[in-house]
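Peer 1: Counting in our numbering, the sequence shown runs from 9 upward without gaps.
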Amino acid sequence: MMLLWKLLMLHSLMGCLAERVGAAVQSPVFSKQPGSIVYPLDAVEKNREVMFSCEAQGMPPALYRWKLNGTVLSVKSSGSHYSLSGGNLRISRLNKDHDAGTYQCLASNSFGTIVSREASLTFAYLENFKTHKRGSVSVREGQGVVLLCGPPPHSGDLMFSWIFNEYPSFVKQDHRRFVSQETGNLYIAKVELSDVGNYTCVVTNTVTKTRVQGPPTPLVLRSDGEPHPKIEVQFPELVHGAKGSTVKLECFALGNPVPSISWRRVDGVPFARKVDTRKVSGVLDLPYFQQEDAGTYECVAENSRGLNTVKGKLSFYAQPHLIEKPQDVQKSIDDSLVWECKATGKPKPSYRWMKNGENLEPTERVQVANGALSISRLTLADVGMYQCVAGNKHGEVYSNAELRVIAVAPDFGSTPVRSQTLVKEGGDVLIECKPKMSPWGIISWKKTAEPTSVFSGFPYCQRGSPKDPQYYINILSVCLCVPSSTEPTVIVTQPSTMDVTVGESVILPCQVTYDPSLELKFTWFFNEQLIHFANHGGYFEKHSAGDIMIRNVQLKHAGKYTCAVQTKVDSISIAADLVVRGPPGPPNGIHVSEVSETTVSLSWRPGSDNHSPITAYTIQARTPFSLGWQAVTTVPESVGGRQLTATVTELNPWVEYEFRVLGSNAVGTGEPSKPSKQARTKETSPRVTPANVSGGGGSRSELVITWEPVPEELQNGPGFGYVVAFRPHGATGWMQAAVPSPEASRYVGVYNNVGEGPFGPVSTIYSAEDEPGRAPTRVRAKSLSASQVEVSWKALPWNASKRRLLGYELRYWPRSEKEESASVQRTVGNQTSSVLRGLRGSTYYYITVRAYNTAGTGPPGGTVNVTTKKPPPSQPPAKVMWNTSNSKIIVNWEQVKALENESEVTGYKVLYKRNRHSPANVMETNTTSVELSLPTDEEYIIQIKPFGEGGEGSSSRQITIPRIAGQWHSAQHHR
């Protein structure tokens, strides 16, 4: 009990001293925190060292410790290559295998311990290429080619380039040649005669500045190549982009002519202005990546021969960012504490709390929920430095605050007991007693020298008498410190009218001088409404004693701000206006007029300019067939900020459109207007022909024609249909009836109620063909084992007639069954033999062979028969015995005797391996023993199986031979 009161008195004394010396003592606060280091390794350098910075302000001065991968470093131990300079950690004689990892600084003084953010140490290096030669790459002229770089082992970011023939002749990138900075590979979309030569990949480590060259790759020429675009460089199906980073997507295609590369968002949203579309080709740069940039992106490679596309999803993530932090707090014993801690981030951050550098575990008094820390019934043991850690898989952020639990001796300085109270005779009187103390003590009252009953600190006396005035004395301890002052409260730094831009942060100052003996309270109002800091989405934050910070200012934050300061003696306030400049408000009154087949006229009224003049308008359209809103072509091409009308062109006929308008100014592009009423363009005849007209096959004497339907948005009017025309190959007149000729030319056109559209190009297809008319000859069958039969035949002339062949069909069935139940096995191509597997032993089979094509199968080439061999022995080897001697393993077993209906045993296979997962080695023998030259200090697994002309028989059970050699062992297996 004495120790507790000594601790109470010590805390009271520290609190009084802190007030008198102007808060000379201070809990630790980081002024410098370590940052991640990438150290370039140089084989020549001998004295390798790095230093992590760490500095904390505090009184008493902070003491420092460091952790590597969560373990405290022993800095002072002998032979340690770690040393401290103040709080900085110096690491000498660096070793990339032992020193790489995650470091944290811990700063401590008498108030507690705080932990810094994490900082990593990684090593950058680049090894040499292997010296072996590379084979030449042969390519046809006009074809695309990929030359692989294959960088050597490395750490750190790389930069790639290629030398053509001799240094310093480097390959220049253009629309035809592309060097991927992801893989280092060189892509040439269309090879020309001038490209023939030697190519050398040059790899540069951007950290170490080391450069190495690979072996040259010769490029030699053949003839003409594939013209259709083929995308060789493509970005992953899922790319993660960090908030504020620059995301790069690579895409490059090969083809002849050289394909053009274009980019689009699948949802139809146009690229933001920060994307320089003039520079977009093989690499799409998305600077300052934000949530709205996430989505599915498509790269389109196109030339006159066709197009190819590749898609990938770009997802957004953000490291945690604290929007509400705990503040230093001073509480009394038995009080309760609630600290709020909130952070933004994607994925949503999780929270944990630390006390004095150690994780804080929940107890009955200590609870953590959704980032908030609550502690009930505070004690002196709760004093210390607390840190809220918000983190997701992309990082962590730390915020620290100090908790002081004070013990205050009883003090009447702020609430003195009245020395004299007048009371009417016969009336009632109440004398208040409200001393300041922590923890709460016991109050007793005395009248002169006699104690009276306690009444919760408020003696209530009745029937007052002038002859007997009630003089009461409080029995309480003397206050340890009683400050006094009479200075008035004065605002010395006040907010003033300010102009800010949307997205910026601003601090409105409010600093005062006041009597330090009085409790000071700051209150802020926005447009005459009290600001509740916890209820404004993290926009408002207390910056210091009286200042307020507004983060990520929005248009809604424009208005009048008032700072009110109050003590028990006086109060004062000051107001200022905040002007917020932002993108324009949404235009209104969108009106559509003068509708034609492909154009409409639009007019609108401007929205608010939000204190920045409107400089341009953007028009977007949406149809039932589009993916969201898409930018449209207009006349004029650029719509200025003073223009309120425009003509939209290049629309599709007979499609319902909605339009909206967005304004832009120097700050950015504003919210879009409400959509206009739907307007349908006028109809006209079709202009698009069906794509991918093909066909062929079907039933005999039929001609099947297929095509991709024209999308509804391109049909240009109601009553849409197709016109199909065809003719025999080489004929001049077009027909609309089936023809027996197997080869035909055809085209497909379109029409609607307005008229016919153009026909597509003429193509050639084949009508349905007949089944093969001839049968294979010289069919032979040979039994290979109890379960396999080899069948051979003489092939038919391959595609020598109109009945083209695809392969041969084998049918086989046992003599005890009918042909209708036969099993079928098909070959592909012009084969002349095939092996039937899975047959029954000692069984008589019938076999036929037929040719087949798309129309069906031809006649059989005669039925042959064959009898499979007897089944292999069913009994496994028994009494397997083994012995080890002089690095040899000798295995013996009992002879396997075949049953009457089984094939004779002609030999044995011994399978041995080191463990269950390693591949087995096989040794064959015709005796009942085998000698294996194997080390006896390793464990082996051995199995034995008999075999004969019917195939392999049953295996013995697995025998495990341990590492240590022993005496004779035996293992028996009974079936």
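Idealized CB from N, CA, C, for every residue including glycine.
Straight-line CA distance for V255 to L134?
Peer 2: Their backbone Cα atoms lie some 25 Å apart in a straight line.
Peer 1: I think V836 touches L814, with their Cβ atoms under 8 Å apart; what is that distance to the nearest whole Å?
Peer 2: Correct: roughly 7 Å between the Cβ atoms.
Peer 1: Is the region 372 to 379 close to the region 409 to 424, with three or more CB pairs under 8 Å?
Peer 2: As far as the Cβ criterion goes, the region 372 to 379 does not touch the region 409 to 424, which means the pair count is below three.
Peer 1: Candidates A250, G152, K40, V872: which alpha carbon is nearest G302's?
Peer 2: This sequence places Ala at residue 302; Gly is not what is there. That would be A250, whose Cα lies nearest to the Cα of A302.
Peer 1: Thinking C-beta only, is V696 closer than 7 Å to V718?
Peer 2: In contact: V718 and V696 (Cβ atoms closer than 7 Å).
Peer 1: Just the C-alpha distance for L201 and L229, rounded to the nearest angstrom, thanks.
Peer 2: Distance between the alpha carbons of L201 and L229: 7 Å.
Peer 1: Just checking my contact of Y406 with R125 at CB under 8 Å: how many whole Å lie between their CB atoms?
Peer 2: 6 Å between Cβ atoms; contact.
Peer 1: Starting from R281 and walking both ways along the beta strand (DSSP E), at which residues does that stretch end?
Peer 2: Looking at the DSSP string, R281 is not in any beta strand (DSSP E), and its letter there is neither H nor E.
Peer 1: For H565, is the classification buried or exposed, using 16 other Cβ atoms within 10 angstroms of its Cβ as the cut-off for buried?
Peer 2: Under this definition H565 is a buried residue.
Peer 1: To the nearest angstrom, how far is the alpha carbon of S882 from that of S850?
Peer 2: In a straight line, the C-alpha of S882 is about 14 Å away from that of S850.
Peer 1: Is D342 helix, strand or coil by DSSP?
Peer 2: If DSSP states are grouped into helix, strand and coil, D342 belongs with coil.
Peer 1: Among residues of its own chain, excluding the 5 on either side of T642, which ones have a beta-carbon nearer than 8 Å to its beta-carbon?
Peer 2: Excluding positions up to five away in sequence, the list reads I627, A654, T655, V656, T657.
Peer 1: Have a look at L804 and R782 and give me their C-alpha separation to the nearest angstrom.
Peer 2: About 8 Å.
Peer 1: Assuming V663 is part of the beta strand (DSSP E), what are its boundary residues?
Peer 2: Segment: none, V663 is in no beta strand (DSSP E) and carries neither H nor E.
Peer 1: Which of the three DSSP states, helix, strand or coil, is assigned to S829?
Peer 2: Correct three-state label for S829: helix.
Peer 1: If you drop the 5 nearest sequence neighbours on each side, which residues of the same chain put their C-beta closer than 6 Å to that of E856?
Peer 2: Glu is not the amino acid found at residue 856; the sequence shown has Thr there. Excluding sequence neighbours, T856 sits near R819, P868, T871.
Peer 1: Along the beta strand (DSSP E) that carries I713, what are the first and last residues, could you check?
Peer 2: Per DSSP, I713 belongs to the beta strand (DSSP E) from 713 to 716.
Peer 1: P42 and A64: beta carbons closer than 7 Å?
Peer 2: Not in contact: P42 and A64 (Cβ atoms no closer than 7 Å).
Peer 1: Can you list, in chain order, the residues of its chain with a C-beta nearer than 6 Å to that of Q502? Leave out the 5 residues immediately preceding and following it.
Peer 2: Here the set comprises I582.
Peer 1: Just to confirm before moving on: does the CB-CB distance between Y916 and I967 stay below 7 Å?
Peer 2: No, these two residues do not count as a Cβ contact at 7 Å.
Peer 1: In angstroms, rounded to a whole number, what distance separates the CA positions of N838 and Y860?
Peer 2: Cα-Cα distance, rounded: 11 Å.
Peer 1: Using 7 Å as the threshold, is the C-beta distance between P591 and G615 below it?
Peer 2: No, Cβ-Cβ distance for P591 and G615 is not below 7 Å.
Peer 1: Mark P970 as exposed unless 16 or more other C-beta atoms lie within 10 angstroms of its C-beta, in which case mark it buried.
Peer 2: P970 should be labelled exposed.
Peer 1: Would N103 pass as a contact of P68 if the rule is Cβ separation under 7 Å?
Peer 2: No, these two residues do not count as a Cβ contact at 7 Å.
Peer 1: Compare the Cα-Cα distances from S702 to each of G263, S771, G729, V266 and report the closest residue.
Peer 2: The option with the nearest alpha carbon to S702 is S771.
Peer 1: Quick check on the DSSP output: the beta strand (DSSP E) that includes H329 runs from which residue to which?
Peer 2: Per DSSP, H329 belongs to the beta strand (DSSP E) from 314 to 332.
Peer 1: Give a yes or no on whether the C-beta atoms belonging to L71 and V83 are separated by under 7 Å.
Peer 2: No. Outside cutoff.
Peer 1: Can you give the Cα-Cα distance for V791 and P954, rounded to whole angstroms?
Peer 2: What sits at residue 791 in the sequence shown is Ser, not Val. If I take the Cα positions, the gap works out to 20 Å.
Peer 1: Which residues mark the beginning and the end of the beta strand (DSSP E) in which G597 is found?
Peer 2: Residues 596 to 601.
Peer 1: Answer with buried or exposed for R845, where buried requires no fewer than 16 other C-beta atoms within 10 angstroms of its C-beta.
Peer 2: Answer is exposed; the Cβ neighbour count stays below 16.
Peer 1: S270 bridges to which residues according to DSSP?
Peer 2: Answer by DSSP bridge pairing, in chain order: V308.
Peer 1: Could you tell me the distance, in whole angstroms, from the CA atom of V514 to the CA atom of I499?
Peer 2: Near 19 Å, if we compare the C-alpha coordinates of I499 and V514.
Peer 1: Where does K84 sit, in a helix, a strand or coil, going by DSSP?
Peer 2: Three-state DSSP puts K84 in coil, outside helix and strand.
Peer 1: Given L97, which residues of its chain have a CB within under 6 Å of its CB, disregarding the five upstream and five downstream residues?
Peer 2: The answer, listed in chain order, is F60, W74.
Peer 1: Can you tell which of G757, K529, P644, E908 has the C-alpha that lies nearest to the C-alpha of S693?
Peer 2: Out of G757, K529, P644, E908, G757 has the C-alpha closest to the C-alpha of S693.
Peer 1: Measure the C-alpha to C-alpha separation of V669 and Y47 and round it to an integer number of angstroms.
Peer 2: Spanning the two alpha carbons is a distance of roughly 52 Å.
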